[in-house]
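**Q**
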Amino acid sequence: MSKKKKLNSLSDLGGFVYSTNDQERFHQYADDFQEEELAPNQQKLEAHFSTKGRGGKVVTVVKGFVGTEEALKDLGKMLKTKCGVGGSVKEGEIIIQGNIRDKVIKILQDAGYKVKRVGG
């Protein structure tokens, strides 16, 4: 049996706030959590090869992007278009179908990103 974590204060809940006030506007705090977008030459990306959790299907995963979700989606779309394959953007990672890591690295380097090949 696992032990349950004892809650000593509201901060133990992870900063979650609940309000019954219909007039409260939480979007005013959204600017405090904006991710700063780095220039491509300051980005340090990693290109991984993976089959884990994908039913044996091979994918190339790009990790380490620092920036907005919108910019990450744009980069993912550019990679999918130039490689001519499918893929997705999930949880801060760009997932490209197939073992095309070298091609992805070349495209990213041509766009000005610093890319490191990780794994076999």
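The sequence shown begins at 13 in the working numbering and counts up one residue at a time.
Cβ coordinates follow ideal geometry from the N, Cα and C atoms, glycine included.
1) Confirm, please, whether the CB-CB distance from PHE77 to GLY104 is below 8 Å.
2) For the alpha helix (DSSP H) that contains VAL116, what are its first and last residues?
3) Could you tell me whether the Cβ of THR72 comes closer than 8 Å to any Cβ of chain C?
4) By alpha-carbon positions, which one of GLU49, GLY65, THR93 and SER62 ends up nearest to GLU81?
5) LYS126 to THR32, Cα distance in whole Å?
6) Identify the residues that DSSP records as bridge partners of ARG129: which are they?
7) What is the rounded straight-line gap between the Cα of LYS75 and the Cα of ALA51?
8) Give me, in chain order, the residues of the same chain whose beta-carbon lies closer than 7 Å to that of LYS69; leave out the 5 immediate sequence neighbours on both sides.
9) CB-CB under 6 Å to SER100, same chain, minus the five flanking residues each way: which ones, in chain order?
**A** Based on what the coordinates show:
1) Result yes, Cβ atoms of GLY104 and PHE77 sit closer than 8 Å.
2) VAL116 -> alpha helix (DSSP H) spans 113-122.
3) Included in the structure is just one protein chain, with no chain C present.
4) It is GLU49 whose Cα lies nearest to the Cα of GLU81.
5) For LYS126 and THR32, the distance between alpha carbons rounds to 47 Å.
6) Partner(s): ALA59.
7) For LYS75 and ALA51, the distance between alpha carbons rounds to 16 Å.
8) Excluding positions up to five away in sequence, the list reads THR63.
9) Here the set comprises ILE107.
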